[in-house]
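Chains as they are written, first to last, in UniProt numbering: chain A, 1 to 182; chain B, 1 to 182.
Backbone N, C-alpha and C define an ideal beta-carbon position, used for all residues, glycine too.
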DNA sequence: TATGGCATGTAAAGGGTTACATGATTTG
DNA sequence: CAAATCATGTAACCCTTTACATGCCATA
């Protein structure tokens, strides 16, 4: 289980609320580890019971109050300990790719439409990451090499996917003429 | 849940035992959806209860007997139904990337060593996929465009990862001189 | 003789998803 | 006026992981 470690990594730089973390899991870090708000609130509860994080209550006006969490010494120690031991293999659940593999039974038009919609999302992400990378690059990237490298991974990943998508479109478009579903 | 659909996709082409499926999940399809043998046997049990797959018992000599599963009409129908509806977003759990993101607290040497070991695995996979792609390409790739495209995805993915790994090595190697952990 | 491949499973514990629940403010 | 954003949670169910269990054959 390393949802907890992903949370500790995020809290390393700055204190954040559960909501903030959920946003980060939906964007940046979500590319490598995803989690929903329910999971996050639960895990924050456990982490604070175990004194790995600590929170302060922040009242707000016009918005609900929030809890800002930060790392404790124990939390930082646990993170360092975890960073030393080898990471397990990455796990993926990519339903779209399963559909492509089973494509001979699918309607080519449906697949192509889905491909386009995914490509759109990927292009948006790519743009976001490229902008981010440039900003990090300008503001001296030695301070945040790790952020920079993480973002680079995102960029290369999006590009590779988009390149693949073009190959798919090529292969499927001129075959959609004669085999348009059963 | 689409472990079941991944299984149905695999059984589409040929009958297979749980053990065979587990091997495929460890290799080819494992790149996009992974599952262990326990999960597979459990799911095959459910699928056969629901008449989506059917098995015949095959006695063997010198080896344990096995059950060869194949799709039923209901199974094929279910697969076609599933292929029509949009796939959910891909989910990933990549602990190594979490470690990179939290890298400032990590020992650079440890990270680099892990990077090398992962790179080795990726290079092996890449070679396997490239060989497979070539074979599919030679034997007329129109029959199995979907297999071909799946393999291409694997190739592009490995290449992108390896390219990223070189960037990481570059960035971290000349900084490991002065900052070799705390 | 120990390790790895073939082949199948069960059980408990832990992790993750989906649905439910609330409520004010801002934006379209 | 509807939808989205901010902000936090609980509960039930489902899925996944880890550990346990068996047993023969071939290879090192």
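- Taking 8 angstroms as the Cβ-Cβ cut-off, the segment 20-43 of chain A approaches chain B at 29, 31, 32, 33 and 34, given in chain order.
- In the DSSP annotation of this structure, the continuous segment of the beta strand (DSSP E) that includes residue 57(B) starts and ends at 53-58.
- Taking the CA atoms as reference points, residue 117(A) sits about 41 angstroms from residue 54(A).
- According to the DSSP secondary-structure assignment, residue 67(A) is paired through a beta bridge with 57(A).
- Taking a C-beta distance under 8 angstroms as the contact criterion, residue 99(B) and residue 87(A) qualify as a contact pair.
- In chain order, 3, 4 and 7 place their CB closer than 7 angstroms to the CB of residue 43(B), counting only its own chain and leaving out the 5 sequence neighbours on each side.
- Against residue 153(B), the close residues of chain A are 97 and 164, in the order they occur along the chain (beta-carbon pairs closer than 7 angstroms).
- Collapsing the DSSP output to three states places residue 16(B) in a strand.
- When rounded, the separation of the alpha-carbon atoms in residue 96(B) and residue 89(A) is 8 angstroms.
- Apart from sequence neighbours up to five positions away, the residues of its chain that approach residue 126(A) with a beta-carbon distance below 6 angstroms are 158, ordered along the chain.
- The three-state secondary structure of residue 175(A), taken from DSSP, is coil.
- If only complete runs of 4 or more residues are kept, the segment 70-121 of chain A shows the alpha helix (DSSP H) at 73-84 and 95-101, in order along the chain.
- At a C-beta separation below 7 angstroms, residue 106(B) has these neighbours in chain A: 83.
- If you ignore the 5 residues before and after residue 155(A), its C-beta comes within less than 7 angstroms of the C-beta of 126, 129, 130 and 133, all in its own chain and listed in chain order.
- Contact annotation: residue 21(A) and residue 80(B) have beta-carbon atoms that are not nearer than 8 angstroms.
- Our two residues, residue 171(A) and residue 145(B), have alpha carbons roughly 7 angstroms apart in a direct line.
- Considering only 122(A), 135(A) and 92(A), the residue with the shortest C-alpha distance to residue 31(B) is 92(A).
- According to the DSSP secondary-structure assignment, residue 33(B) is paired through a beta bridge with 93(A).
- Between residue 122(B) and the set 102(B), 151(B) and 161(B), the nearest pair of CA atoms involves 161(B).
- Residue 48(A) sits in a helix when the DSSP states are folded into three classes.
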